[in-house]
Amino acid sequence: MKDIANTVNFEHSGKKITFHTLGCKLNFAETSAIGKQLLAEGYVKARAGEEADICIINTCSVTDVADHKCRQAINRLHRQHPDALMVITGCYAQLKPAEIAKIEGVDVVLGANEKFGLTELLKKYEKQQSVLIKHSNIRETETFRPSCSYDDRTRFFLKVQDGCDYFCTYCTIPMARGRSRNASVAQTLQTAKQAIAEGAKEIVLSGVNTGDFGKSTGENFFDLVKALDDSDAEIRFRVSSIEPNLLTDELIEYVAASRHFMPHFHIPLQSGSNEVLKLMKRRYDTALFSRKIEKIKNTIPDAFIGVDVIVGVRGEKAELFEETTHFIKSLDISQLHVFTYSERMGTKMLDVDFVVPPKERKRRSDVLHTLSAEKTTRFYERQTGKTRNVLWENRHKGGKMTGFTDNYIRVVQDFNKEQINTIQAVVLGDWNEDGTALNVKVQ
Ligand code: SF4
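Counted from 1, the sequence shown has number 174 at position 173 by the numbering used here; the numbering is strictly sequential.
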């Protein structure tokens, strides 16, 4: 382990910090909140290529691939900033602090509760020979920390909810993030208004189990949606992901008529086999899922629907994977997000004996990726010739700029600086050269 004596003095501000975030949008929002606190204290962001005094790595632990990527990131940042104080936090740090403390270069490991105390910790930090681990039981936490981040000042990610009480048998997130909790509707509205004042044109409502919003304040997600929708600002909202059992018909109908909520849904299916859904302890069956998709499509025919699915979980026998493929083929959806199962310590799924070999997990992932590409192509091609509102983003490459329509079609046009962060009605044309977006049709 590293001896950090004589390398840093944390009693003074003006130190250069670099941040590295892995995993979900919630992590990005939280890194942003921690960053804001530190910058307000006088720390500065290290510029690209500049050696930092402090490296903060916010980790993810959703699969063993995620753990591996975190270890790689720690090693890489330690090589790039050999004298920096290396602070590791996030889900991996909450779940396996001792494992992280053994990695060369790590100085401080902070659990999920402790990461928000980083500013105070740095003020009092004394040089140490050994790794400092600050970690507590997240299951007892009732505190909700509001956070908001942006990618290119066009799309903001607003953390509206944290934690989860569902305990699906393959998932470690409840152990890493604790119980379901949230700020009140009024407080969340205030954070959203702040983001709008900072220039947000689109806000993605993010959470671990977003639809569970309201549990700790006696409110519900629909209350939040209605409160946010009551705005005079030019703002678009998307819901990052919502459990099918929490996606009510009332909410779908509301989105259909809403000015601000976009016709875009992201719904975790995880498996198209009822037997596997039971093994996963999910709270719905395939019949409920189909009904939700039909309801969306009957109410908002052009809605984009993204669906999460996990392949290769324990107990997913060949015929059950076939059921999943068959079921997904029957759904009128736009895209799949395919995750390959990996065994996670401390989960109930490990009690299931039937194991899918890694090679077969990969094959199943390939099958569903192909199916997803077909679904996306079909969805995009049904949209050509239609007029949709695009929010142009601050990214451009090769003289082209991109944006997303209200129903989440990626579009491209010649770069025009004036149009960044503006919403424009366009007619959707053909595929662009590399088949990743639709061109805007020139009238
Ligand atoms: S709903 Fe299930 S999969 Fe999602 S975070 Fe909660 S326990 Fe994990």
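Built from N, CA and C at the ideal position, the CB exists for glycine as well.
Next item on the list: Check each candidate in Ile57, Lys16, Val441 and Ala288 and name the one with the smallest Cα separation from Val413.
Entry: For the options Ile57, Lys16, Val441 and Ala288, the alpha carbon positioned closest to that of Val413 is the one of Val441.
Next item on the list: Can you grab the Cα-Cα spacing for the pair Ser148 / Ala257, in whole Å?
Entry: Rounded to whole angstroms, Ser148 to Ala257 spans 28 Å at the Cα level.
Next item on the list: Please classify Glu446: is it buried, with 16 or more other beta-carbons within 10 angstroms of its beta-carbon, or exposed?
Entry: What is shown of the chain runs 2 to 444, which leaves residue 446 out entirely.
Notebook entry, point to check: Sorry if obvious, but does the Cβ on Glu251 come closer than 7 Å to a heavy atom of the ligand SF4?
Noted result: No - the ligand SF4 has no heavy atom lying nearer than 7 Å to the Cβ of Glu251.
Next item on the list: Pull up the distance between the alpha-carbon of Pro264 and that of Arg292, whole angstroms please.
Entry: Answer to the nearest angstrom: the Cα atoms are 17 Å apart.
Next item on the list: Measure from the alpha carbon of Phe238 to the alpha carbon of each residue in Ile197, Ser274, Asp213 and Thr218, then state which is nearest.
Entry: Comparing alpha carbon positions, the residue from Ile197, Ser274, Asp213 and Thr218 closest to Phe238 is Ile197.
Check: Would you say the beta carbon of Cys165 comes nearer than 7 Å to a heavy atom of the ligand SF4?
Finding: Cys165: yes, Cβ under 7 Å from the ligand SF4.
Note to self: Buried or exposed for Val88, going by 16 or more other Cβ atoms inside 10 Å?
What the structure shows: It counts as buried.
Next item on the list: Give me the Cα-Cα distance between Ser70 and Asn76, rounded to the nearest whole angstrom.
Entry: Reading off the sequence shown, one finds Lys at residue 70, where the question assumed Ser. Taking the straight line from one Cα to the other gives about 10 Å.
Check: Terminal residues of the continuous alpha helix (DSSP H) containing Thr325?
Finding: Run containing Thr325: Ala319 to Ser331, per the alpha helix (DSSP H) assignment.
Item checked: Cα-Cα separation between Asp407 and Leu206, rounded to whole angstroms -> If you take the alpha carbons of Asp407 and Leu206, they lie about 15 Å apart.
Item checked: Alpha carbon of Glu12 to alpha carbon of Gly118, nearest angstrom -> The pLDDT assigned to Glu12 is 44, lower than 50, so where the model puts this residue is not dependable; a value taken from the coordinates is nonetheless given after this. Take the alpha-carbon of Glu12 and the one of Gly118: they are about 15 Å apart.
Next item on the list: State yes or no: is the C-beta of Glu244 nearer than 7 Å to some heavy atom of the ligand SF4?
Entry: Yes.
Next item on the list: Could you tell me which of Arg80, Phe168, Ser232 and Ala319 sits nearest to Lys202, measuring between CA atoms?
Entry: The residue from Arg80, Phe168, Ser232 and Ala319 with its alpha-carbon nearest to that of Lys202 is Ser232.
Next item on the list: Evaluate the contact criterion for the segment 168-183 versus the segment 236-254: three or more CB pairs, one atom per stretch, below 8 Å.
Entry: Touching, no, given that fewer than three Cβ pairs across the two stretches are closer than 8 Å.
Check: Under the rule that 16 or more other beta-carbon atoms within 10 Å means buried, what is Pro302, buried or exposed?
Finding: Flag for Pro302 reads exposed.
Margin query: Taking the straight line between their C-alpha atoms, what separation do you get for Val443 and Gly386?
Written below: C-alpha separation (whole angstroms): 11 Å.
Checklist line | Rounded C-alpha distance that separates Asp352 from Phe380 | finding: Spanning the alpha carbons of Asp352 and Phe380 requires a straight line of approximately 40 Å.
Notebook entry, point to check: What are the complete beta strand (DSSP E) segments, minimum 3 residues, inside the segment 285-317?
Noted result: Restricting attention to beta strand (DSSP E) runs no shorter than 3 residues, the segment 285-317 encloses them at 305-312, ordered along the chain.
Check: What residue range is occupied by the uninterrupted beta strand (DSSP E) comprising Tyr151?
Finding: Counting along the chain, Tyr151 sits inside the beta strand (DSSP E) bounded by residues Ser148 to Tyr151.
Notebook entry, point to check: What are the start and end residues of the alpha helix (DSSP H) that includes Ala102?
Noted result: Residues Pro98 to Ala102.
Notebook entry, point to check: Hey, Thr90 and Leu39: beta-carbon distance below 8 Å or not?
Noted result: A distance of 8 Å or more separates the beta carbons of Thr90 and Leu39.
Check: Who are Leu133's beta bridge partners in DSSP?
Finding: Its beta-bridge partners are Val109.
Margin query: Given the structure, does Phe290 come close to the ligand SF4, in the sense that its CB is under 7 Å from one of the ligand's heavy atoms?
Written below: Distances between the C-beta of Phe290 and the heavy atoms of the ligand SF4 are all 7 Å or more.
Next item on the list: Output the distance between the C-alpha atoms of Gly430 and Leu439, rounded to the nearest integer angstrom.
Entry: Each residue's alpha carbon lies about 6 Å from the other.
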